[in-house]
Amino acid sequence: MERKAHLVNWEVVCGDKVNGGLGIRKLTLMNRALLGKWAWRFAYDKEALWKQVLGAKHGLEDHGWRTKKAVGASGVGVWKEILKAADWCWDKMGFKVGKGNRIKFWTDVWCGDSALYQRFQQLYILAANRNALVEDLWDQNVGEGGWNLRFIRDFNDWEVEMVGELLQALRDFKIVWEDDSVFWKGGGSGQFRVKDAYSWLDRPTDVIFPKNKIWMERVPTKISFFAWEATWGKILTLDRLQKRGWQLPNRCFLCACEAKSVNHILIHCTVVRVI
126 MERKAHLVNW EVVCGDKVNG GLGIRKLTLM NRALLGKWAW RFAYDKEALW
176 KQVLGAKHGL EDHGWRTKKA VGASGVGVWK EILKAADWCW DKMGFKVGKG
226 NRIKFWTDVW CGDSALYQRF QQLYILAANR NALVEDLWDQ NVGEGGWNLR
276 FIRDFNDWEV EMVGELLQAL RDFKIVWEDD SVFWKGGGSG QFRVKDAYSW
326 LDRPTDVIFP KNKIWMERVP TKISFFAWEA TWGKILTLDR LQKRGWQLPN
376 RCFLCACEAK SVNHILIHCT VVRVI
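Taking the working numbering, the leading residue of the sequence shown gets 126, the next gets one more, and so forth.
Structure follows, in structure tokens:
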């Protein structure tokens with residue numbers, strides 16, 4: 126069977142067109158994104174029957190946002206694999222405070238882009254209850270309600286400023302009579318989308334690629350592919366054939382002056398310039 130030349134690295138081919146790829150999906154990452162959707166749905170859906178069945182079978186943890194680890198030799202394989210493959214999903218979820226009875230004040234991501242214990246580590250160490258829920262530190266008896274943070278000792282002078290920064294971060298948040306909910310941080314809509322999840326898992330590079338100048342609506346696909354290969358410098362010119370072990374002279378067939386390369390035949394060749 127004849128072996129064909131592989132012009133472009135497969136990792137590049139599987140990249141998004143914005144980053145110079147062809148937008149072909151990697152099956153492994155696509156599978157993880159699809160499995161992640163089930164972890165998202167379990168946290169997001171409220172009264173779905175399938176969620177109630179899984180919760181009754183495996184038990185709940187993290188105040189009902191997810192099930193406990195699936196154990197056993199039979200009847201748990203599917204959900205076990207979903208939990209294993211979708212663990213990454215939690216890094217892209219945030220919480221929207223309602224009643225505050227299912228969100229941990231210090232360790233869940235609900236106030237800003239990171240958990241409060243990461244931004245205020247010294248105050249977290251001094252917290253009277255590091256596992257406190259949001260509702261535990263909210264006092265409804267203060268006017269329209271306010272934060273009642275509890276610590277194990279009085280503050281030193283240099284710690285008072287940190288408390289002020291924490292209260293400033295909490296200023297726009299308060300308890301309301303709605304259920305706590307989750308939102309997806311990987312997209313603008315707040316909803317989980319497989320496309321957004323795949324893009325996050327793929328972790329694209331910072332390559333600046335002229336996508337709009339190559340993949341144009343009225344340009345034949347064959348020409349667009351040629352331009353794509355040329356942009357990556359992967360056209361099978363004579364110099365590249367020599368690198369692959371071909372024994373042949375390298376001279377431009379048009380000008381017969383210089384060696385044939387991608388840049389030469391598209392930019393520098395005197396005959397091409399005239400054309």
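Even for Gly, the Cβ is constructed at its ideal location relative to N, Cα and C.
Contact check for K224 against A322 fails: the beta carbons are separated by 9 Å or more. Between L274 and the set N281, L262, W283, L147, the nearest pair of CA atoms involves L262. Between the alpha carbons of R343 and E186 lies a distance of about 54 Å. For A195, the three-state secondary structure derived from DSSP is coil. Taken atom to atom, the span from the alpha-carbon of W215 to that of V307 is near 10 Å. Sequence-distant Cβ neighbours of G270 in its own chain, meaning closer than 8 Å and more than five residues away, are W263, D264, K299, I300. Nearest to Q246 by alpha-carbon distance, out of A164, V319, F276, is F276.
For K209, the enclosing alpha helix (DSSP H) begins and ends at 202-210.
I207 and L248 have their C-alpha atoms spaced approximately 36 Å apart.
Here G184 has T192, K193 as same chain residues with Cβ atoms under 7 Å from its own Cβ, once five neighbours each way along the sequence are excluded.
Pairing L152 with D327, the inter-Cα distance amounts to about 11 Å. I228 sits buried, since 16 or more C-beta atoms from the chains shown fall within 10 Å of its C-beta.
Checking the DSSP bridge columns, you'll see S314 has no partner listed. Following the DSSP letters along the chain, one finds S306 in no alpha helix (DSSP H) but inside the beta strand (DSSP E) bounded by residues 306-309.
Per DSSP, reduced to three states, the secondary structure at L274 is coil, with no helix or strand assignment.
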